[in-house]
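Heads up, the thing below is written out as structure tokens.
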Amino acid sequence: MITQIKPCFTKNNILKISFSSDIPENKYKICFSLVYSIKEIEGASVIKQIGRYYELEALNDTIFLKLQTPKTGTYNLSCGPEGLFLIDKENQLVECTIEDLFFENEIASVNYRDDVTDNFIPIIPEPFKCSFSKDHVAIKNKLFKIQDEEIIRNTNEIINKLGVKFSKTEGMPIIFKKINSTEDEYSIIISKDNIQIYFNNYGGKFYALITLLQLIYFYDYKLPLCKINDKPKYSWRGMHLDCARQFYSIKEIKRLLIYMSLFKMNRFHWHLTDNEAWRIEIKKYPKLTSEGAFRGYKQKIPPFYGSGYSKNGGYYSQDDIRELILYAKKLNIEIMPEVDLPAHSWTLLQVMPELKDEVSNIISEDVGSYKNNTINPSLEKTKYFLNDILNEISNVFPFEYIHVGLDERPKNSWEGSPVIIEFMKKNKITSQEEYQDYYMNYLINILKLRDKTSAAWNEAAVSPHINHGVGGSAGNIDNSCLIFSWEHSTVAKEVTDKGFETVLCPGQKTYFDMAYNNSTNERGICWAATIEVKDIYNWNPVENINNESLIKGIQGQLWSETITDKKYLDQMINPRLATLSEIAWKGKSSRGWVNFRSALLNTVRFLKNFSWSYHNF
Numbered sequence: 120m121i122t123q124i125k126p127c128f129t130k131n132n133i134l135k136i137s138f139s140s141d142i143p144e145n146k147y148k149i150c151f152s153l154v155y156s157i158k159e160i161e162g163a164s165v166i167k168q169i170g171r172y173y174e175l176e177a178l179n180d181t182i183f184l185k186l187q188t189p190k191t192g193t194y195n196l197s198c199g200p201e202g203l204f205l206i207d208k209e210n211q212l213v214e215c216t217i218e219d220l221f222f223e224n225e226i227a228s229v230n231y232r233d234d235v236t237d238n239f240i241p242i243i244p245e246p247f248k249c250s251f252s253k254d255h256v257a258i259k260n261k262l263f264k265i266q267d268e269e270i271i272r273n274t275n276e277i278i279n280k281l282g283v284k285f286s287k288t289e290g291m292p293i294i295f296k297k298i299n300s301t302e303d304e305y306s307i308i309i310s311k312d313n314i315q316i317y318f319n320n321y322g323g324k325f326y327a328l329i330t331l332l333q334l335i336y337f338y339d340y341k342l343p344l345c346k347i348n349d350k351p352k353y354s355w356r357g358m359h360l361d362c363a364r365q366f367y368s369i370k371e372i373k374r375l376l377i378y379m380s381l382f383k384m385n386r387f388h389w390h391l392t393d394n395e396a397w398r399i400e401i402k403k404y405p406k407l408t409s410e411g412a413f414r415g416y417k418q419k420i421p422p423f424y425g426s427g428y429s430k431n432g433g434y435y436s437q438d439d440i441r442e443l444i445l446y447a448k449k450l451n452i453e454i455m456p457e458v459d460l461p462a463h464s465w466t467l468l469q470v471m472p473e474l475k476d477e478v479s480n481i482i483s484e485d486v487g488s489y490k491n492n493t494i495n496p497s498l499e500k501t502k503y504f505l506n507d508i509l510n511e512i513s514n515v516f517p518f519e520y521i522h523v524g525l526d527e528r529p530k531n532s533w534e535g536s537p538v539i540i541e542f543m544k545k546n547k548i549t550s551q552e553e554y555q556d557y558y559m560n561y562l563i564n565i566l567k568l569r570d571k572t573s574a575a576w577n578e579a580a581v582s583p584h585i586n587h588g589v590g591g592s593a594g595n596i597d598n599s600c601l602i603f604s605w606e607h608s609t610v611a612k613e614v615t616d617k618g619f620e621t622v623l624c625p626g627q628k629t630y631f632d633m634a635y636n637n638s639t640n641e642r643g644i645c646w647a648a649t650i651e652v653k654d655i656y657n658w659n660p661v662e663n664i665n666n667e668s669l670i671k672g673i674q675g676q677l678w679s680e681t682i683t684d685k686k687y688l689d690q691m692i693n694p695r696l697a698t699l700s701e702i703a704w705k706g707k708s709s710r711g712w713v714n715f716r717s718a719l720l721n722t723v724r725f726l727k728n729f730s731w732s733y734h735n736f
């Protein structure tokens, strides 16, 4: 008999999991992950918990779970048990069917208005300055003459998807002229006779062609006579992808890079390690990937976040990374790697337990319910490890910046270590915050010796504003470190007031793993906010910032706990990233929501050429 499992959120917001067979007799073990932690259990006992991965012994044919309450008070499709499987008393996999998550109190999906206009510029992000004539030029045979082999070669994949035709010998001439201007700045003049493109660097030339391709798509080869002068407000226009919680192939990442390039985003923040996996090859420590990159029921690393029973996962070899870097370069994108340390290191410590003080008598717990997930920087083995991995990473990644994490360290993580206590006493360090500053400065100096600049989350520079027993900084680190301000706009103000350059990435506006709204049919979580597309568009990124010159740029984030099926990725990103590109390029958009929404509707149709689905807006 095949066991049927029915998960449901009751009217009282209790997660109910029902079974069709005799649970007490069979002594089933039910295994799954949740995005919100369990507060109370009825009908089962906990056998194992690591983070938000649970193994429960079912005592009845129905289990009731009271979960941590989301900020909106509403659970949705991402809140149920993911990667669920059953194990019998012989520790064998049990065949079962799992019904779709059901809500007794269903909250209907949002109905989106059709407020559109015909008076809009179809380019996203909107150019700095442009003027359009009522006259048009029809492109004969829909063919363009272009001599620049580099730009055609580098954009060939995009051109082919759009069906645009270029020739060396015939068609409407596109003439490239290099001039003195700022980085990524460009101008386009479309006349009856030719298209002139003025640029300074490769980025300007590339973005001019991207703008031209958007115009071609919208006007269908009957181009308006126009003049466009364009340049970005910010040098850092980024997108982050968490490849630790979920693994994405190089092919899948390339697809995201194409999306970024279509909207003039130029920095890919590659999150490669976390509690749940280690994804980057370090040749000196091969077990990091042989043991730490794969998850499953019988693996060293359990099946976090929907991984399921079977072995799954993967990692990026250094050859994979070099291939991706070259690919990104053609799209004017630099790649910044992140190894998230000293906390967020549960998997690392399963593979290399020697990086933690064995005699520590303190049990720490992080915001994701992982216990003792922080490495000990005062151990000699840890110092060698940090030097080794940063050396290899520096050699593989040519980009100036390397991100070293520093977020969400449990406040008491180092309190029980005799080695750290002795080090603090010897060096007159009086707090965990001061000790963290020592650690961060140590990393900064390692990277400086390799001609790299450090980057870190905002806890590296300031005391955290989140109320989860999280440690932060005493404020004494080298201000060469680039800070990513993720908590709230008030944090960005504090960081810049201290003289740090920062990239703005507040969870309330730029975390694409947040649900769009409070409908039960949505996916995503909402600890920071629910984020509709309009919320992103209306965001003023520099509100209350005293020193705007220290704002290096804007970045979107996709943490992947809830992306348990890759088909969910499209709708969490699209059209949010396209919308954020307007803010990253211009600072604050000026065309108004109705005009922008009209351009965005055209854009999501444009993106269908690249097989991107989207969330309604």
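Just so we're aligned: 716 in this note's numbering is position 597 of the sequence shown, and the numbers increase by one with no gaps anywhere. Backbone N, C-alpha and C fix where the C-beta goes; we use that ideal spot for every residue, glycine too. Small disclaimer: the values here were computed from a predicted structure and weren't measured.
Does DSSP put residue i in a helix, a strand or coil?
| i | result |
| --- | --- |
| proline 537 | helix |
| alanine 579 | helix |
| methionine 455 | strand |
| valine 610 | helix |
| valine 283 | coil |
| methionine 384 | coil |
| asparagine 348 | strand |
| aspartate 654 | helix |
| arginine 528 | strand |
| glycine 322 | helix |
| phenylalanine 110 | The chain is shown from 120 up to 736; residue 110 falls before or after that span and cannot be answered. |
| methionine 76 | Lying outside 120 to 736, the shown extent of the chain, residue 76 is not represented and no answer is given. |
| methionine 379 | helix |
| isoleucine 316 | strand |
| leucine 196 | coil |
| leucine 334 | helix |
| threonine 129 | coil |
| aspartate 393 | strand |
| threonine 188 | coil |
| leucine 153 | coil |
| arginine 414 | strand |
| glutamate 159 | strand |
| serine 573 | strand |
Please return the same chain residues whose Cβ sits closer than 6 Å to the Cβ of residue i, not counting the five positions on each side in sequence.
| i | result |
| --- | --- |
| aspartate 361 | His390, Trp678, Ser679 |
| arginine 710 | Glu245 |
| glutamate 473 | Lys500 |
| aspartate 393 | Ala363, Asp459, His463 |
| serine 497 | Val538, Ile539, Phe542 |
| asparagine 598 | Gly618, Phe619 |
Closer than 8 Å by C-beta to residue i: which residues in its own chain qualify, once you throw out the five before and the five after it? Chain order, please.
| i | result |
| --- | --- |
| lysine 259 | Gly290, Met291 |
| threonine 621 | Asn577, Leu601, Ile602, Phe603, Ser604, Ala611, Val614, Thr615, Leu669, Ile670, Lys671 |
| serine 426 | Ser152, Gly202, Arg414, Gly415, Gly432 |
Give every residue of the same chain whose Cβ lies closer than 7 Å to the Cβ of residue i, excluding the five residues on either side of it in the sequence, and list them in chain order.
| i | result |
| --- | --- |
| valine 652 | Pro694, Arg695, Thr698, Phe736 |
| isoleucine 121 | Glu214, Cys215, Thr216 |
Taking the beta strand (DSSP E) that residue i falls in, what are its first and last residues?
| i | result |
| --- | --- |
| tyrosine 520 | 520 to 524 |
| aspartate 361 | 355 to 361 |
| glutamine 168 | 163 to 169 |
| valine 257 | According to the sequence provided, residue 257 is alanine. The question's valine does not apply to it. It spans 248 to 257 - the beta strand (DSSP E) in which alanine 257 sits, taken as one unbroken run. |
| glycine 202 | 201 to 206 |
| isoleucine 309 | 305 to 309 |
| glutamate 174 | 172 to 177 |
| isoleucine 494 | Counting along the chain, isoleucine 494 falls outside any beta strand (DSSP E), and DSSP gives it neither H nor E. |
| cysteine 215 | 215 to 217 |
| valine 661 | From DSSP, valine 661 is part of no beta strand (DSSP E); its letter is neither H nor E. |
| leucine 134 | 134 to 138 |
| proline 625 | It is not in any beta strand (DSSP E) - proline 625 carries neither H nor E in the DSSP assignment. |
What span of residues does the alpha helix (DSSP H) with residue i cover, start to end?
| i | result |
| --- | --- |
| asparagine 506 | 499 to 515 |
| lysine 567 | 551 to 567 |
| alanine 647 | First-last for alanine 647: undefined, no H or E at that position. |
| threonine 236 | Counting along the chain, threonine 236 falls outside any alpha helix (DSSP H), and DSSP gives it neither H nor E. |
| threonine 408 | 406 to 409 |
| isoleucine 270 | 268 to 273 |
Would you mind giving the Cβ-Cβ distance between residue i and residue j, rounded to the nearest angstrom? I have them listed as a contact below 8 Å.
| i | j | result |
| --- | --- | --- |
| glutamate 395 | threonine 466 | 6 Å |
| threonine 330 | isoleucine 307 | 6 Å |
| serine 582 | serine 532 | Not really, about 15 Å apart at Cβ, beyond 8 Å. |
| serine 573 | isoleucine 563 | 5 Å |
**Prompt:** Which runs of the beta strand (DSSP E) spanning at least 3 residues fall entirely within the segment 421 to 487, listed in chain order?
**Reply:** Scanning the segment 421 to 487 for uninterrupted beta strand (DSSP E) segments of 3 residues or longer gives 453 to 460, listed from N- to C-terminal end.
**Request:** Return the chain-ordered ranges of every alpha helix (DSSP H) run that is complete within the segment 671 to 733 and spans a minimum of 4 residues.
**Result:** Complete alpha helix (DSSP H) runs here, min 4: 686 to 692, 695 to 705, 712 to 726.
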